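Please read the structure below before turning to the comments.
Residue numbers (my numbering), protein chains in the order written: chain Y, 2 to 265; chain Z, 2 to 189.
Written out as structure tokens, the structure reads:
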């Protein structure tokens, strides 16, 4: 099927997709901190081609700072402790993720038991370091629109997730308007018809997952319509807020699936 | 070590941890090369580190650093242009204009857009990335590129015209408004 889309929408989508080809931020982050705060000599990651400049040498000469008790390891420990506490609270607040007509209360259902799929090294994605980008999408016929959000695991460890992202329709001031129904699939995304439950995802470092929130722009009989100006979609604190312009009727959110398309 | 420096260090570490991945994505879209993107982000943050209190004083630290990344990209390209032999992307083209009837036309068109983005000038590409990837208004793009709003609109209008050649797109308000603004004689 070939859909006729507007250039800006297509352009946003192309930029989003290719942005995930960027290098893993973890290595770069480590090198930056080593070259600055820790003042440790480090080696550039070789990519098989000569590098320009000698920025590390110059930086080491410029940066003369003693950091005392502040170290990366300490901060990482602090982060682990804080995310552990958050994991407990998120898990306690988790709602069900059954298919059907449940009205979304902005709850996420992390699959905290999914460690069996990936060993003890995985963490729930709601506590992981996720990069997030959102983009607007629409049906070719113009009577449906939505938002696709892509998360990439930017942390060092795999993370697990099963279910739906939080999805909120917001007015211009950021206040919730209306509600979003959880459904398995729709016109713009979701899981295949043969799948009866949200997939249990194991997102390795650098891998991406995505989800779609969609709505009708032309109301059917009995449709519930709202005039939201933003849609917020998130996994844990990793949320994208995407501006929208159309009226939203019978808004639905679909499960998080592997890949960047919002469909499996 | 004084308290301000320690606070700046803590802020810097947290900033790097929270934003390196996002900055790399922007840098990758600008440079279109993973190694160059890493180098650009590293170079920028290491350069900013001794000046981090200025970043902290800015209204939006991320915007401040993103502007630095963009400016270093544009300055770096100017430095490189006379010394490096750059890959000619036209040699990598394997698909002609996509056929609408072809089921692979959608993929071909997207690939064509990505390739065409690589053929834009660095300044045009920076304007497109800031406008359509970061969804910044023209005024903010102008601030990052240190130019007038009219110049930004001209850059984007020309970029969209080039990208339109990859496929027949439906008319849209964004492209049309840019074309209207430019045709009204906004100074470039």
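In this text, a Cβ means the ideal position worked out from N, Cα and C, and glycines have one as well.
Computed from a prediction, not measured in an experiment: that's the story for all the values here.
Is it buried or exposed for residue 128 of chain Z, if we count other Cβ within 10 angstroms and need 16 for buried? buried
Beta-carbon within less than 7 angstroms of residue 64 of chain Y's beta-carbon, same chain only, minus the 5 sequence neighbours each way: which residues are those? Bear in mind that the predicted position of residue 64 of chain Y carries a pLDDT of just 39, short of 50, making it unreliable; the figure below should be weighed with that in mind. Closer than 7 angstroms at the Cβ level, and outside the excluded window around residue 64 of chain Y, lie 37 and 40.
Is DSSP giving residue 147 of chain Y helix, strand or coil here? strand
Taking contact to mean 3 or more Cβ pairs, one atom from each stretch, closer than 8 angstroms, check whether the segment 21-29 of chain Z and the segment 237-248 of chain Y are in contact. no
Per DSSP, what kind of secondary structure is residue 191 of chain Y in: helix, strand or coil? strand
Considering only DSSP beta bridges, list what residue 162 of chain Y is partnered with. Y:202
Restricting to Cα atoms, I'd like to know which of Y:32, Y:235, Y:11 and Y:223 is closest to residue 113 of chain Z. Y:11
Using 8 angstroms for Cβ pairs, my map puts residue 232 of chain Y next to residue 165 of chain Y. What's the rounded Cβ distance? 14 angstroms between Cβ atoms; not a contact.
Strictly by DSSP, which residues pair up with residue 183 of chain Y? Y:254
Is the Cβ-Cβ distance between residue 17 of chain Z and residue 28 of chain Z less than 7 angstroms? no
Does any CB atom of chain Z fall closer than 7 angstroms to the CB of residue 37 of chain Y? yes
Closer than 9 angstroms, Cβ to Cβ, to anything on chain Z: give me those residues from the segment 7-18 of chain Y, in chain order. 7, 8, 9, 10, 11, 12, 13, 14, 15, 16, 17 and 18
Does any CB atom of chain Y fall closer than 7 angstroms to the CB of residue 111 of chain Z? yes
Which residues of the segment 41-70 of chain Z have a Cβ closer than 7 angstroms to any Cβ of chain Y? Give them in chain order. 42, 43, 44, 46, 47, 50 and 51
Take residue 209 of chain Y and list the residues in its own chain whose beta-carbon comes closer than 7 angstroms to its own, dropping the five residues that flank it on each side. 21, 151, 152, 153, 260 and 261
For residue 33 of chain Y, would you say it is in contact with chain B, using Cβ-to-Cβ distances shorter than 7 angstroms as the test? Absent from the structure is chain B; the protein chains it does hold are Y and Z.
Grab the span of the alpha helix (DSSP H) containing residue 30 of chain Z for me, first residue to last. 4-32
Kindly say whether residue 131 of chain Z, judged by its beta-carbon, lies nearer than 7 angstroms to any beta-carbon of chain Y. no
Is residue 79 of chain Y helix, strand or coil when you go by DSSP? Residue placement at residue 79 of chain Y cannot be trusted, given a pLDDT of 39 that sits under 50; the coordinates are not used to answer.
Per-residue contacts from residue 155 of chain Y into chain Z (C-beta, under 8 angstroms): 22
Check for me: the beta strand (DSSP E) holding residue 236 of chain Y runs from which residue to which? 231-236
So, using beta-carbon positions, are residue 247 of chain Y and residue 146 of chain Y closer together than 7 angstroms? yes
At least one CB of chain Z closer than 7 angstroms to the CB of residue 159 of chain Y: is that the case? no
Going by DSSP, name the residue or residues bridged to residue 215 of chain Y. Y:147 and Y:253
Could you name the residues of the same chain whose beta carbon sits closer than 6 angstroms to that of residue 191 of chain Y, not counting the 5 residues immediately before and after it, in chain order? 185 and 255
Residue range of the alpha helix (DSSP H) that includes residue 244 of chain Y: Here residue 244 of chain Y belongs to no alpha helix (DSSP H); instead the beta strand (DSSP E) covers 239-244.
Figure out for me which residue from Y:34, Y:28 and Y:35 has the closest Cα to the Cα of residue 38 of chain Z. Y:28
Would you mind stating whether residue 213 of chain Y and residue 137 of chain Y have Cβ atoms separated by less than 7 angstroms? no
Closest residue to residue 177 of chain Y among Y:157, Y:227 and Y:130 (Cα-Cα distance): Y:227
Residues within the segment 157-168 of chain Z neighbouring chain Y, beta-carbon criterion of under 7 angstroms: 161, 164 and 165
Proximity test, residue 74 of chain Z beta-carbon vs the ligand ATP heavy atom, cut-off 6 angstroms: Annotation note on the ligand ATP: not contained in the displayed structure, which lists no ligands.
Cβ distance (whole Å) where residue 153 of chain Z is taken to contact residue 68 of chain Z below 8 angstroms: Their Cβ separation, rounded to whole angstroms, is 14 angstroms, which puts residue 153 of chain Z and residue 68 of chain Z out of contact at 8 angstroms.
Residues of the segment 3-21 of chain Z whose Cβ lies closer than 8 angstroms to any Cβ of chain Y, in chain order: 6, 7, 10, 11, 13, 14, 15, 17, 18 and 21
Per-residue DSSP class, three states only, for residue 174 of chain Y: coil
Secondary structure at residue 126 of chain Y, three-state DSSP: helix, strand or coil? helix
Determine the contact status of residue 235 of chain Y and residue 167 of chain Y, defining contact as a CB-CB distance below 7 angstroms. yes
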